[in-house]
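Working notes for the structure below.
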Amino acid sequence: MTSTVPQDNSTITPQEQEQLDELYAAFEAAHMKPLWTQIGGLMPTSPVPDSLPMLWRWSTLLPLAERAGVLVPVGRGGERRAIALANPGLPGTPYTTPTLWCAIQYLGPREEAPAHRHTQTAFRFVVEGEGVWTNVEGDPVAMRRGDLLLTPGMHFHEHHNTTDHPMAWIDGLDIPLVRTVDAGFFEFGPDVLATKETPEVSRNERLWGHPGLRPVGAPAPRTPLSSPLMAYRWEHTDAALTAQLELERDGHPGVVEPGHAVVRFTNPATGGDCLSTMRCEMHRLRAGTRTALTRTAGSSVWQIFSGSGVVTVGDERYEVGTGDLFCVPSWAGLAFDTDSGLDAFRFSDEPVFEALGLARTAREERP
27 MTSTVPQDNS TITPQEQEQL DELYAAFEAA HMKPLWTQIG GLMPTSPVPD SLPMLWRWST
87 LLPLAERAGV LVPVGRGGER RAIALANPGL PGTPYTTPTL WCAIQYLGPR EEAPAHRHTQ
147 TAFRFVVEGE GVWTNVEGDP VAMRRGDLLL TPGMHFHEHH NTTDHPMAWI DGLDIPLVRT
207 VDAGFFEFGP DVLATKETPE VSRNERLWGH PGLRPVGAPA PRTPLSSPLM AYRWEHTDAA
267 LTAQLELERD GHPGVVEPGH AVVRFTNPAT GGDCLSTMRC EMHRLRAGTR TALTRTAGSS
327 VWQIFSGSGV VTVGDERYEV GTGDLFCVPS WAGLAFDTDS GLDAFRFSDE PVFEALGLAR
387 TAREERP
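Each residue of the sequence shown is one higher than the one before, counting from 27 in this note's numbering.
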């Protein structure tokens, strides 16, 4: 049936308006929404994220985590002493962005966090401290400053602090994404640690941690899209970033822009991202660097590992230093300025956007 309702609302008669009101009431009763009243929100000309640019200062996060360490035990039920960075643009949720969950986790002296596993993919990044081992499927992996430690989905994992000092780090997970698509599963593991061994090098590193060398006799990874290597050590990351800036100094290519070196943590079995749903990178800006402004479809979270500078996210401008974290909503402009130089860890949802054909990046030179 062809509608007889005129397209120009100014010419609608009272009778036609009454018929439209009845139609819309019928839509509501049938739990329907007409596209022509929704298209601006459903199909904007560019992303209009609900999440906001946000900065969390390490000087605030760490003391609060320390207080939680005194008052909140680690054990079954709570499972982890992890405190999420909740974006005020996503009220009622513990989400940092619509797809990414970031938290500071705190483990006290000699404490143990019991084993569990879940669909959600996870990593840990250490900005300071050492002495904690995370056992991933019974393989003990040391956690030290600057290390990226992986826990792919449905891998049993547990943590234990071997020292008389507490330790804190950040956790990154795809909890919001998994919740949105209703794909979450969770299982408890044994209450007793799988091992209390504290080797300098884990078994997965001994097998997979040799650049450019794939172990022919290694068993097939349980989760092929995620890396079988569970630890990416700071000494390797630091050396790679240093080499890029040295090559730039000598007049050779390698940096993404003047004074800006980047390494991406990859799966040694496939060459793809180290995790199936999250991209992890380390950025180094030489002293005096002023980056271009970039926009990316998809969101990201950054932590300053060392140094200081000024970061612009959308309309916000933050002075940042070691440990500080900030999030970048989808398509928000991002730029750095640093007089002294800085290193920053970044994780994002870009693998998901690329797999879905939704990836897009724009770059603008600043005046």
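Ideal placement from N, C-alpha and C gives every residue a C-beta, glycine not left out.
Residue 125 places its beta carbon less than 8 Å from that of residue 202. For residue 95, no beta strand (DSSP E) encloses it; the enclosing alpha helix (DSSP H) starts and ends at 84-97.
For residue 213, same chain residues with a beta-carbon under 7 Å away, outside a window of 5 residues either side, are 142 and 143 in chain order. For residue 152, the closest alpha carbon among the candidates 184, 196 and 190 is that of 196.
Straight through space, the alpha carbons of residue 83 and residue 47 are spaced by roughly 51 Å. Rounded to the nearest whole angstrom, the CA to CA distance from residue 61 to residue 207 is 23 Å.
Contact between residue 362 and residue 317 holds, with the beta-carbon distance rounding to 5 Å and staying under 8 Å. Across the structure, residue 53 and residue 67 are spaced so that their CA atoms are roughly 18 Å apart. For residue 335, the beta-bridge partners assigned by DSSP are 346. By the neighbour-count definition (other C-beta atoms within 10 Å, threshold 16), residue 41 is an exposed residue. Considering only 338, 251 and 284, the residue with the shortest C-alpha distance to residue 301 is 251. At a cut-off of 3 residues, the continuous stretches assigned as beta strand (DSSP E) that sit fully inside the region 203-256 are 212-214.
The beta carbons of residue 310 and residue 369 sit closer together than 8 Å.
One alpha carbon belongs to residue 243, the other to residue 234, and they sit about 11 Å apart. Taking residue 343 as the centre and dropping the five residues before and after it, the same chain places the C-beta of 336 closer than 7 Å to its C-beta, in chain order. Within the region 251-324, the runs of alpha helix (DSSP H) at least 4 residues long that lie entirely inside it are, in chain order, 260-275. Look at residue 387 here: in three-state DSSP terms it is strand. Here residue 352 has 79, 80, 81, 82, 327, 328, 337, 339, 344 and 346 as same chain residues with Cβ atoms under 8 Å from its own Cβ, once five neighbours each way along the sequence are excluded. Between residue 183 and residue 163, the alpha-carbon positions lie close to 6 Å from each other. The C-beta distance from residue 307 to residue 288 rounds to 6 Å, short enough to fall under 8 Å.
In this structure, residue 356 and residue 324 form a Cβ contact; the two beta carbons are roughly 6 Å apart against a cut-off of 8 Å. Look at the beta carbons and you see the region 270-284 not touching the region 171-190: under three pairs across the two are nearer than 8 Å.
Residue 121 has its alpha-carbon roughly 5 Å from the corresponding atom of residue 112.
Assigned with DSSP and collapsed to three states, residue 74 falls in coil, not helix or strand. With fewer than 16 other Cβ atoms inside 10 Å of its own Cβ, residue 387 counts as exposed.
When rounded, the separation of the alpha-carbon atoms in residue 145 and residue 70 is 32 Å. For residue 198, the uninterrupted beta strand (DSSP E) run begins and ends at 193-199, by DSSP. Here residue 130 is buried, its C-beta having at least 16 other C-beta atoms within 10 Å. Under the Cβ criterion (8 Å, minimum of three pairs), the region 166-177 does not count as touching the region 97-108. Using a Cβ distance threshold of 8 Å, residue 332 and residue 348 count as a contacting pair.
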